[in-house]
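Everything in the first sequence is counted per my numbering, starting at 38 for the first residue and increasing by one. The C-beta atom is built at its ideal place from N, Cα and C for all residues, glycine as well. Computed from a prediction, not measured in an experiment: that's the story for all the values here. Here's the structure we're looking at; comments come further down.
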Amino acid sequence: MTSLRPLPREFYARPAFRVARALLGRALVHDGPQGRVAGRIVEVEAYRSAGDPASHAFRGPTPRNRVMFGEPGHAYVYFTYGMHHCLNLVCEPAGQAAAVLIRAFEPLAGAHVMRARRGVEESMRLGRGPGCVAQALGIDRSHDGLDLSAGPLFIAQAPPQLGSHRIVAGPRIGIRVALERDWRFWLAGHPCVSASRGTPKPALATPGTSHSR
DNA sequence: GTATCGATTAGC
DNA sequence: CTAATCGATACA
């Protein structure tokens, strides 16, 4: 876990939907002031560049979403509900505002740091949910715009070994995935149940086909 | 200026 | 189910 290299910017320069899929199972790493923390990405949500009313970029550039319109391979971090941060990875060429929201991970390194930040003991709750992901990793608005190919925050080139994952359609778009047995999903329109949280919403028929709310 | 809601979470 | 809590957004 010591000599990990970040994925290059080119990795992100393609449709968010494809980047999202390629991110599943990979290691998300943050070398912060309290040391290295890392997790294996198990759930992602893609926001496409055009015609997606659910995207922050739908109405054009603003101070908040401007990094979404910039170069791929950068972090888009926003503050929401007055208390949570969410981490996105900017995709597609500059000018096309697409990104992938990291929704959940499984701890790979620095779990003790994550526990301290989260105030939670259970490993399953350290990185479950986009707000928890940012909190566990120690990510906030100061990380907005960070270059993922050069900074302390990155996706490792070599994904950690382990398990197979399923790719499924998410409630908002893009895709969701799971590795753990107790995670269930939406698979190409076939409703399953999210054991992690909440009640399942109607699924999409086709991954990559976005819809609002 | 005010009102409303949010790419959420924790708790009852 | 709701409170928390504040920035972004819509509108007068």
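Asked                                                                                                   : Found
The beta strand (DSSP E) enclosing residue 67, as first and last residue numbers                        : 64 to 69
Residue range of the unbroken alpha helix (DSSP H) whose run includes residue 168                       : 167 to 174
Residue(s) in a DSSP beta bridge with residue 159                                                       : According to DSSP, residue 159 bridges with nothing at all.
From 121, 79, 145, residue whose alpha carbon lies closest to that of residue 73                        : 145
Residue burial classification, residue 118 (beta-carbon count within 10 angstroms, cutoff 16)           : exposed
Residue 155 to residue 51 span [Cα, whole Å]                                                            : 33 Å
Length of the line joining the Cα atoms of residue 132 and residue 88                                   : 14 Å
Cβ separation of residue 127 and residue 113, assumed to be a contact under 8 Å, to the nearest whole Å : 5 Å
Span separating the alpha-carbon of residue 57 from that of residue 69                                  : 24 Å
Residue nearest to residue 96 in terms of C-alpha spacing, selected from 109, 135, 82, 59               : 135
Buried versus exposed, by CB contacts within 10 Å (16 or more), residue 43                              : buried
Cβ neighbour criterion (16 or more within 10 Å) applied to residue 171                                  : buried
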